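First up is the structure itself, then whatever we jot down about it.
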Amino acid sequence: MGNRQGNLDRIFAALADPTRRAMLDRLAQQPSATVSRLAEPFAIQLPAVVKHLDVLGKAKLITRAKAGRVVTVRLRPESMREAMAWLYRRERFWSGRLDKLSAYAEGRELQAGSKKKS
Amino acid sequence: MTGVTLVRRIKASPEIVFEAVTTAEGIAQWWGPDAGPVLVSESDPRVGGRYRVRFRLLDNTEHESSGEFVIVDPPKRVVMTWRWVIGGDDPGESRVDISLRAVDGGTELTFSHSRLHSESARRSHEGGWDGALRKLQARFAEGEPA
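Protein chains in written order, with numbering that gives the first Met the number 0: chain S, 0 to 117; chain U, 0 to 145.
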């Protein structure tokens, strides 16, 4: 569990950067891309691109495969799904609570209302 | 989002809803996630005051969360820190923000639980990836191999 938590931290941290998000966005539009193609729209040097890819790789958001001198990058949607599932659980947790809160407050309101009338 | 936001319309006045979300008696009524009992409910709803809620689920596990009131502005808004002391899968301190607005027929409640689980998540939040994540998620779903 500590490990899973650590990976979620890495995912959220990886997504905190706009360049990395733009890279993921580009990767989401094609099955794979070479590092140099991926770097094209960004006004940054290749070493900086590689650093961003390292962060995405450690968060398990992408995979990289090397064939000769060409590195191909692909998305790994599982990690993103894990992050979404985590948020979804929080949402469900509170949604159930708020149902109960509403029922309780509405009951109190009815009581207060009938007291006023009597 | 690194936080969740939920909006509810409740057929009760903001004063009654505010009491329900801040007093020990009120919290005891809705905090537990299933039909299991709330074992402890303590609340000191003023800035710097603390609350503590302990409940037992139907599977017999016990959970406790506690925190401190950061903003108490009846009957409009309450903000508190939140941390699982026992149970729960988020060890970090997060933030619960509840705003109430009087509407025709009752109260509109906006609930948000943010700064979830880590410093990096908070930074992500400030980095503005709200929405970006959902957009990406939609793309992933489309591009998924069958």
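Positions of the beta carbon are idealized from the N, C-alpha and C atoms, including for glycine.
From a predicted model like this one, the values you see are computed outputs, not experimental measurements.
- In the three-state reduction of the DSSP assignment, U/Ile15 falls in the helix class, which pools H, G and I.
- The DSSP-derived three-state label of U/Asp96 is strand.
- For S/Thr33, the number of other beta carbons within 10 angstroms of its own is below 16, and it is reported as exposed.
- Burial of U/Thr21 is indicated by the presence of at least 16 other C-beta atoms within 10 angstroms of its C-beta.
- For S/Arg73, none of the residues of chain U pass the 8 Å Cβ criterion, the least Cβ distance being about 10 Å.
- Per DSSP, the unbroken beta strand (DSSP E) holding U/Arg51 starts and ends at Arg49 to Arg55.
- Of all alpha-carbon atoms in S/Met83, S/Ala104 and S/Arg73, the one lying nearest the alpha-carbon of S/Leu37 is that of S/Arg73.
- Three or more pairs of CB atoms, one per stretch, sit closer than 8 Å, so the segment 89 to 108 of chain U contacts the segment 3 to 11 of chain U.
- The beta-carbon separation of U/Gly25 and U/Ala19, rounded to 4 Å, stays under the 8 Å limit for a contact.
- The beta carbon of U/Val3 sits closer than 6 Å to the beta carbons of His112 from its chain, once the five residues preceding and following it are set aside; these are given in chain order.
- U/His112 reaches chain S at Arg89 and Trp93, counting residues in chain order whose Cβ is nearer than 7 Å.
- Annotation: Cβ neighbours of S/Arg107 in chain U (cutoff 8 Å, chain order): Ala11, Ile15, Glu18 and Ala19.
- In the structure shown, the three-state DSSP call for U/Gly25 is helix.
- Of all residues in the segment 28 to 47 of chain U, only Gln28, Trp29, Trp30, Gly31, Pro32 and Asp33 come within less than 9 Å of chain S when Cβ atoms are compared, listed by chain position.
- Nearest in C-alpha terms to U/Asp96, of all of U/Phe68, U/Asp103, U/Val84 and U/Trp83, is U/Phe68.
- Your pair S/Lys57 and S/Arg9 checks out as a contact, with CB atoms roughly 6 Å apart and the cut at 8 Å.
- Fewer than three pairs of CB atoms, one per stretch, sit closer than 8 Å, so the segment 94 to 112 of chain S makes no contact with the segment 47 to 62 of chain S.
- Per DSSP, the continuous alpha helix (DSSP H) segment holding S/Val54 begins and ends at Leu45 to Lys57.
- Secondary structure note for S/Val70: its beta strand (DSSP E) is the uninterrupted segment Val69 to Leu74.
- S/Met79 and S/Asp24 have their C-alpha atoms some 12 Å from each other.
- For U/Phe54, the number of other beta carbons within 10 angstroms of its own is at least 16, and it is reported as buried.
- Contact annotation, U/Arg49 with U/Gly66: C-beta distance approximately 7 Å; criterion of less than 8 Å satisfied.
- Counting every other CB atom within 10 Å of its CB across the protein chains shown gives S/Ala84 a total below 16, marking it as exposed.
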